[in-house]
Amino acid sequence: MAKLPDSGMVERRGAGLWITHAGLILGVLVIFFPIWLAFVASTVSQPEIVRPPMPLLPGDQFLENYRKALVSGINAPVALMLLNSAIMAIGISLGKIVISLLSAFAIVYFRFPGRRLFFWLIFLTLMLPVEVRIVPTYEVVAGFGMLNSYSGLIFPLIASATATFLFRQFFMTVPDELAEAARVDGARPMRFFWDILLPMSRTNIAALFVILFIYGWNQYLWPLLITTDPSMNTIVMGIKQMFPSGDDVADWPVIMATSILAMLPPVIIVVSMQKLFIRGLVDSEK
Amino acid sequence: MEKRVTFKGWLLPLLLLLPQVIITAVFFFYPAGQAIYQSLFIPDPFGLSMRFVGLGNFEFLLSDPYYRASFVTTAVFSILVTVVSMGAALYLAVLADRLIKGSGTYRTLLIWPYAVAPAVAGVLWMFMFNTRVGVVSWYLGLLGYDWNHVLNEGEAMGLVVVASAWGRVSYNFLFFLAGLQAIPRSVIEAAAIDGAHFWTRFRTIVFPLLSPTTFFLLVVNIVYAFFETFGVIHTITAGGPQQATTILVYKVYADGFVGQDLGSSAAQSVILLLVVGLLTIIQFKFIERRVHY
Chain A
1 MAKLPDSGMV ERRGAGLWIT HAGLILGVLV IFFPIWLAFV ASTVSQPEIV RPPMPLLPGD
61 QFLENYRKAL VSGINAPVAL MLLNSAIMAI GISLGKIVIS LLSAFAIVYF RFPGRRLFFW
121 LIFLTLMLPV EVRIVPTYEV VAGFGMLNSY SGLIFPLIAS ATATFLFRQF FMTVPDELAE
181 AARVDGARPM RFFWDILLPM SRTNIAALFV ILFIYGWNQY LWPLLITTDP SMNTIVMGIK
241 QMFPSGDDVA DWPVIMATSI LAMLPPVIIV VSMQKLFIRG LVDSEK
Chain B
287 MEKRVTFKGW LLPLLLLLPQ VIITAVFFFY PAGQAIYQSL FIPDPFGLSM RFVGLGNFEF
347 LLSDPYYRAS FVTTAVFSIL VTVVSMGAAL YLAVLADRLI KGSGTYRTLL IWPYAVAPAV
407 AGVLWMFMFN TRVGVVSWYL GLLGYDWNHV LNEGEAMGLV VVASAWGRVS YNFLFFLAGL
467 QAIPRSVIEA AAIDGAHFWT RFRTIVFPLL SPTTFFLLVV NIVYAFFETF GVIHTITAGG
527 PQQATTILVY KVYADGFVGQ DLGSSAAQSV ILLLVVGLLT IIQFKFIERR VHY
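Sequences listed follow chains A and B, in order.
Under the working numbering, the first residue of the first sequence is numbered 1, with each subsequent residue one higher.
Under the working numbering, the first residue of the second sequence is numbered 287, with each subsequent residue one higher.
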């Protein structure tokens with residue numbers, strides 16, 4: 001290297017820069033391709049798909065396919081499945097945030113008998129993902145009569161060691177002077193929690209909400225087990241149910257329209273709240 | 287680390303903990319206990335009574351060629367998913383890191399597949415490679431390659447691996463890019479002045495400095511491949527052909543819900559509990575270390 005550029009000698013310029021861009025664009029195209037195909041398939045008619053190769057550019061059946069999916073669907077209207085997914089995702093994220101805020105507050109700001117024990121009990125739930133305990137958890141939920149219900153979809157997924165640890169971590173960084181001042185002023189613990197701790201945690205709560213919403217929205221195995229009634233299906237698990245059993249031909253345009261609808265809400269959230277999303281991701285893996 | 291300033295009282299904190307403790311006890315510890323208990327019994331064919339068999343279910347499982355095959359399948363699957371998704375992400379992150387400006391745009395374009403559910407990813411890839419209507423399989427046919435993942439075990443494995451790795455690239459990309467950007471420019475520029483070319487710099491400086499990120503992602507991706515890919519397998523292959531893609535989590539589901547073999551399914555749950563426990567310990571050991579970096 002005889003002549004060094006003035007700045008950024010490690011970064012690429014000229015031909016190298018274009019090769020770098022080409023490499024990245026290639027990656028982006030490969031990542032996008034499956035989505036593009038799904039979108040195209042959701043805008044053409046069934047005969048265009050079942051006589052391969054299907055077109056690679058969008059057709060004119062967009063409104064027709066999406067209307068058909070949303071209003072009638074195959075087993076249940078997709079609009080209803082979207083609603084179910086939204087209730088489940090919001091229920092799981094709010095539930096996790098509320099119970100984790102409360103328990104983190106208790107563990108950080110109080111000394112009481114059994115504190116360590118509770119801490120470890122919560123920690124242990126990290127080791128019990130729902131995939132590992134499906135049959136007995138199913139039996140518990142069935143015993144409560146919570147099959148095909150929102151509470152059955154939400155409650156078993158609500159306990160979260162990750163969220164509790166995240167809030168615990170954050171509370172530890174809150175200056176002691178604030179709690180001290182609150183105590184001197186004679187404020188009750190819950191006053192301190194509401195007026196000081198909660199407003200300070202706003203960004204953390206928002207970042208966590210983004211991550212948890214995606215987690216809840218994308219659940220598959222659990223809704224598959226406990227929602228046998230099509231009107232309770234969530235959209236992510238409902239897609240697979242739209243395929244006919246046996247040798248019948250699947251209604252591809254409607255199924256692909258449903259797939260696009262299923263990924264739209266979480267994708268919009270990730271892209272529009274990118275900063276919060278990245279923060280939540282990094283925080284929750286700490 | 288402990289707070290110096292705390293509030294008095296013991297009733298209030300217990301009440302605050304109550305919701306989480308109840309949920310955890312009812313939906314986590316009780317079912318886990320049930321799994322351990324049921325793993326020691328075999329229900330009679332009519333489901334009326336249970337016969338105690340001690341570790342019989344485990345002995346049977348560990349000598350069952352299908353279960354052993356499922357272990358191997360899981361190992362192959364997890365390693366492939368981890369290598370493919372991390373390899374692709376590292377390649378993209380290294381490229382994005384070379385840009386002075388514009389890496390933010392690529393980040394936006396690359397992160398959103400994270401939001402696509404594994405089950406939806408499964409449907410998309412299954413559509414592309416569908417033996418009747420799939421675009422990719424049709425063009426492969428033109429090239430003289432007869433793609434059929436419904437019958438061919440290797441192709442089935444390849445497809446579930448790619449579909450599982452696809453959405454995961456975003457996640458790995460984010461962490462790799464952050465890791466790369468945290469490496470001090472001066473170190474790399476010093477090497478460049480000494481005449482080290484890109485590949486030498488990458489091998490001797492960048493990759494070693496990136497190792498905490500790499501190790502962290504390795505563990506997280508293996509956990510992902512083990513437990514969160516059920517949707518991909520269920521939508522694309524349903525464990526087939528001939529159980530070629532039946533990973534452990536899928537087998538718990540297939541034996542417990544489809545096969546109704548509760549004793550065996552419970553024993554499998556217990557074995558998975560041990561696997562998660564081990565992975566969690568590895569993860570935390572590492573995070574302990576990461577704090578000191």
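Glycine is no exception: its CB is placed at the ideal position from the N, C-alpha and C atoms.
Using a C-beta cut-off of 8 angstroms, the region 346–364 of chain B makes no contact with the region 497–506 of chain B, since fewer than three inter-stretch Cβ pairs fall below that distance. Comparing C-alpha distances from A:LEU208 to each of A:VAL282, A:GLU180 and A:PRO189 shows the shortest one belongs to A:VAL282. Of the other Cβ atoms in all chains shown, fewer than 16 fall within 10 Å of the Cβ of B:LYS387; this residue is therefore exposed. In the DSSP assignment, B:MET412 falls within the alpha helix (DSSP H) that extends over 404–414.
Burial check for A:LYS240: the Cβ neighbour count within 10 Å reaches 16 or more, so the residue is buried. With at least 16 other beta carbons inside 10 angstroms of its own, B:GLU441 counts as buried. Around B:ALA401, the beta-carbon contacts reaching into chain A at under 9 angstroms are ILE214, TRP217, ASN218, MET263, PRO265, PRO266, VAL267, ILE268, ILE269, VAL270, VAL271 and PHE277. Membership of A:ILE226 in the alpha helix (DSSP H) is indicated by the continuous run 221–226. Collapsing the DSSP output to three states places A:ARG168 in a helix.
Residues of chain B whose Cβ lies closer than 7 angstroms to the Cβ of A:THR125 are, in chain order, THR310 and PHE314.
At a Cβ-Cβ threshold of 7 angstroms, A:GLY91 and A:ILE154 count as neighbours. In this chain, A:MET237 is not harboured by any beta strand (DSSP E); it is covered by the alpha helix (DSSP H) spanning 235–241.
In the three-state scheme derived from DSSP, where H, G and I count as helix and E and B as strand, B:MET372 is classed as helix. In summary, the residues of the region 379–398 of chain B whose CB is separated from some CB of chain A by less than 7 angstroms are LEU381, ALA382, ARG384, LEU385, ILE386, TYR392, THR394, LEU395, LEU396, ILE397 and TRP398, in the order they occur in the chain. The beta carbons of A:LYS96 and A:SER42 sit no closer together than 7 angstroms.
The residue from B:GLN554, B:TYR392, B:VAL369 and B:ILE322 with its alpha-carbon nearest to that of B:ALA379 is B:TYR392. Beta-bridge partners assigned by DSSP to B:MET336: B:PRO329. In the displayed model, A:PHE39 falls within a helix according to three-state DSSP.
For B:GLN324, the uninterrupted alpha helix (DSSP H) segment begins and ends at 316–324. Three or more pairs of CB atoms, one per stretch, sit closer than 8 angstroms, so the region 127–146 of chain A contacts the region 319–329 of chain B. Contact between A:THR164 and A:ILE122 holds, since their C-beta atoms are separated by about 5 angstroms, short of 8 angstroms. Shown here, A:PHE112 sits in coil according to DSSP, grouped into three states, outside any helix or strand.
Beta-bridge analysis with DSSP links B:PHE293 to A:PHE110. In this structure, B:THR531 places its C-beta atom within 7 angstroms of the C-beta atom of B:THR523.
Using a CB distance below 8 angstroms, the part of the region 526–552 of chain B facing chain A consists of VAL535, VAL538, TYR539, GLY542, PHE543, LEU548, SER551 and ALA552, ordered along the chain. A check of alpha carbon separations from B:PHE415 across A:ALA104, A:LEU37, A:ILE268 and A:PRO223 identifies A:LEU37 as the nearest.
Ranked by Cα distance from B:VAL312, the options A:MET127, A:PHE144, A:TRP217 and A:SER72 are led by A:PHE144. Rounded to whole angstroms, the gap between the alpha carbons of A:PHE110 and A:ALA187 is 15 angstroms. The contact set of A:TYR66 on chain B, defined by CB atoms closer than 8 angstroms, is empty, because the minimum CB distance reaches about 16 angstroms. Counting every other CB atom within 10 Å of its CB across the protein chains shown gives B:GLN546 a total below 16, marking it as exposed. Taking a cut-off of 8 angstroms for Cβ pairs, the region 484–492 of chain B and the region 181–201 of chain A do not touch, as fewer than three such pairs fall below it. Close to chain A, meaning a Cβ-Cβ distance shorter than 8 angstroms, is no residue of the region 432–451 of chain B at all. Within chain A, ASP176 have C-beta atoms less than 7 angstroms from the C-beta of B:ARG290, given in sequence order. For the region 35–50 of chain A, the residues whose beta carbon sits under 8 angstroms from a beta carbon of chain B are, in order, ILE35, LEU37, ALA38, ALA41, ILE49 and VAL50. The beta carbon of B:VAL505 lies closer than 8 angstroms to those of LEU565, ILE568, GLN569 and PHE572 in the same chain, with the five residues before and after it left out. The region 167–177 of chain A makes no contact with the region 77–94 of chain A; the number of CB pairs closer than 8 angstroms stays below 3.
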